[in-house]
Amino acid sequence: MILLLFIVSIDPRYHTFDEVAYELDSIATHFPFIAHLDTIGYSTCDSLPIFAMKISDSADNEEDEPAALYIGCHHAEEILGIEICMYMINDLINSYTLDSTKTNWVNNQEIWFVPILNPEGHSIVMNGIDTIWRKNKRDNNNNGIFDLDYDGVDLNRNYDFYWSEGGSSDPSSEYYRGPEPFSENETRAIRALCLEQHFVFCNTYHSARTGLGEVVYYPYRWSGGYSPDYPFIREIADSISKRIINDQGNSHYTTLPGVGLDGRARNWLYGVCGIFTYCIEVSQTTIQPGWMVDDICERNLAGAYYLLDRVAGSSVTGCVYDSITGEPLSAEVIIEGYYDPGLPPRQSEPQFGRFRRILSPGSYNIEVHHPDYVPKYYATIAVEQGTPTELNVYLRNKNYTAVFVRPNPGKDIVYIELINPLRITRLKIYDILGRLLRAFDNPTDVVTWDCKDTQNREIPNGIYFIVGETSDENVCQKVVVLH
Ligand SMILES: [Zn+2]
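If you read the sequence shown in my numbering, its first letter stands for residue 1166, the second for the next number, and so on.
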């Protein structure tokens, strides 16, 4: 009997984990101003680091710039996505200061890459143990041994958005969704990064072993309807797919809506975070010969770069502030007609108060809400072709109370305007010696004062104080009366 041991070796054109680690470290060391390397987590079973690289000017600082995310290798065998991420990182670094468009992207945006989300699964493929391995290596039966027929979680079914609707509950399945949503370190690392970085766009790279290749999937269509931003998301998916020439060279990638909701990355990133997320099924199959890799990466660049171009196109962007203190606010921004109350609110981020909403040219009604602030409504905000519409929003705290007097100096009649009149129970007018001259109970929005005291006598020229009383504070405004 002859025992044949097949070790299938992967073409050396494909990066090993160590090569990715070395290359990213080398880039971060040599280009520290535009490349920042992070470890965003460690893989579930083998504790391999999950690297994230940010390409941006002053890369170590968090700036008020739009951010995009590119993810490779949710699925271990789908290694072309790693190559696209590494190719793009190198292209951006090498083009910096030489290519004005790419230099502008790096200077004005934050471009993030997670080239290998699933490093431990990737090692199974690269070691030739199982070149069609898909999952990570979670020890599902807790026997301390890696079992090809039972272990691992499909990371792209582990996100907490309709998690129980997708994948399989059977650990031996290739599509095992895990014991609970976000049970895996890998998906938790992406969750933390997305909640922190407020990406506008994400491309997550896959390759199909059996299903359709060369497709751009976008969120989502299901029995409950469409994603609220569907028309805008779809238009961008079409623009991405048209830019990626297929392997045969006779057409380009196609576009399909993701049908059904489940715990895939694209559904969670969009559904929970509002990130326009595209799942790109690269090439015709998972592992192509090494000689094809550069060409596949080069053709995919145009689709990847479209996102960096598009973020400066038709959209509404601005910051939300407290109108009194100027502090940035995390407030809900609703585009009327493109809103699903069943989804988590789309909020401005807290550090700068920034929101960015990708739209098509047209006219939109926009509401901005915060539980502690008086909401604002903007009717028919125009969005132009190819440029963002700026909309900075100043919200007034519901507790902010004030009185304003006009004209000031006043003559025979002054108008006392109350900010937050419901809180003001009484309005009192004092002279400079603190004598009460006049009082108004339960005042309304604007109180008219004829510059007379309670005995209907005209008051002399001078300085007076108008005090609004609330249950917990007094607000005061000085007025000069000159007859
Ligand atoms: Zn995949």
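Ideal Cβ placement from N, Cα and C applies to all residues, glycine included.
Here the structure is a predicted model, which is why all the values come from computation and not from measurement.
For this session: Using a threshold of 8 Å, state whether the C-beta atoms of Ile1220 and Gly1206 are closer than that.
Result: no
For this session: Can you give me the Cβ contacts of Gln1642 inside the same chain, cut-off strictly under 7 Å, excluding the 5 residues immediately before and after it?
Result: Val1568, Phe1569, Val1570 and Ile1631
For this session: Compute the distance between the beta-carbons of Gly1518 and Val1485, then report whether it is under 8 Å.
Result: yes
For this session: Please say whether Thr1420 and Val1381 have beta carbons closer to each other than 8 Å?
Result: yes
Problem set entry | One or two residues paired with Ser1480 in a DSSP bridge | Ile1523 and Pro1553
Problem set entry | Where the beta strand (DSSP E) containing Phe1605 begins and where it ends | Leu1601 to Asp1606
Exercise. Given that a residue counts as buried once 16 or more other Cβ atoms are within 10 Å of its Cβ, and exposed if not, what is Glu1275?
Worked result: buried
Exercise. Which residues mark the beginning and the end of the alpha helix (DSSP H) in which Val1110 is found?
Worked result: Residue 1110 cannot be examined here, being either before or after the span of the chain that is shown, 1166 to 1648.
Exercise. What's the call for Pro1510, buried or exposed, on a 16-neighbour Cβ count within 10 Å?
Worked result: exposed
For this session: Please report the Cβ distance between Gly1436 and Phe1326, rounded to the nearest whole angstrom; I am assuming they are in contact, meaning their Cβ atoms lie under 8 Å.
Result: 5 Å
Problem set entry | DSSP bridge partner residues for Gln1512 (one or two, in chain order) | Glu1497
Exercise. Is Gln1516 closer than 8 Å to Glu1227 when the C-beta atoms are compared?
Worked result: yes
Exercise. In this structure, what does DSSP give as the bridge partners for Phe1630?
Worked result: Tyr1595 and Lys1643
Problem set entry | Whole-Å CB distance - His1417 paired with His1240, under 8 Å assumed | Actually they do not touch by this definition, with Cβ atoms about 23 Å apart.
Exercise. Are the beta-carbon atoms of Glu1361 and Asn1283 separated by less than 8 Å?
Worked result: no
Problem set entry | Bounding residues of the alpha helix (DSSP H) (the contiguous stretch that carries Asp1621) | First, the residue type needs correcting, since residue 1621 is Asn and not Asp in the sequence shown. Unbroken run through Asn1621: none, as it is neither H nor E.
Exercise. Using the C-alpha atoms, what's the distance from Arg1342 back to Tyr1235?
Worked result: 22 Å
Exercise. Is it buried or exposed for Ser1200, if we count other Cβ within 10 angstroms and need 16 for buried?
Worked result: Looking at the sequence itself, residue 1200 is Ala, so the reference to Ser does not match. Buried, by the Cβ-count rule.
Problem set entry | Inter-residue spacing [alpha-carbon to alpha-carbon] between Ile1628 and Val1644 | 6 Å
Exercise. Is there contact here, the stretch 1405-1416 with the stretch 1488-1503, by at least three beta-carbon pairs under 8 Å?
Worked result: no
For this session: Give the straight-line distance between the Cα atoms of Leu1587 and Tyr1559, rounded to the nearest whole angstrom.
Result: 21 Å
For this session: Following the continuous beta strand (DSSP E) through Leu1421, name the residue where it begins and the one where it ends.
Result: Thr1419 to Val1424
Problem set entry | Any residue whose CB is nearer than 7 Å to a heavy atom belonging to ligand 1, listed in chain order | His1239, His1240, Glu1243, Asn1321, His1371 and Ser1372
Problem set entry | Extent of the continuous beta strand (DSSP E) run through Trp1387 | Val1380 to Trp1387
Exercise. Using the C-alpha atoms, what's the distance from Thr1552 back to Pro1177?
Worked result: 44 Å
For this session: Name the one or two DSSP bridge partners that Cys1444 has.
Result: Thr1369 and Tyr1382
For this session: Flag this pair as yes or no: are the beta carbons of Ile1589 and Thr1613 separated by less than 8 Å?
Result: no
Problem set entry | Neighbourhood of Glu1497 by C-beta, 6 Å cutoff - its chain only, sequence neighbours within 5 removed | Pro1510, Gln1512 and His1534
Exercise. Is Leu1168 helix, strand or coil by DSSP?
Worked result: Low confidence applies to Leu1168: its pLDDT is 49, below 50, so where it sits in the model is not reliable enough to give any reading.
Exercise. Does the distance from the CB of Asn1307 to the CB of Ala1469 come in under 8 Å?
Worked result: no
Exercise. Can you give the Cα-Cα distance for Val1476 and Cys1359, rounded to whole angstroms?
Worked result: 17 Å
Problem set entry | Reference Ser1730, options Phe1347, Val1548 and Leu1320, closest by Cα | Residue 1730 lies beyond the range of the chain shown here (1166 to 1648); nothing can be said about it.
Exercise. Lys1267 lies in the alpha helix (DSSP H); which residues open and close that run?
Worked result: Ser1265 to Asn1273
Exercise. Helix or strand or just coil, what does DSSP make of Phe1198?
Worked result: coil
For this session: Quick one: measure Cβ to Cβ for Asn1557 and Ala1544, integer angstroms, because I've assumed they're closer than 8 Å.
Result: The pair is not a contact, with the Cβ atoms about 17 Å apart (cut-off 8 Å).
For this session: Kindly indicate which three-state DSSP category Thr1545 falls into: helix, strand or coil?
Result: strand
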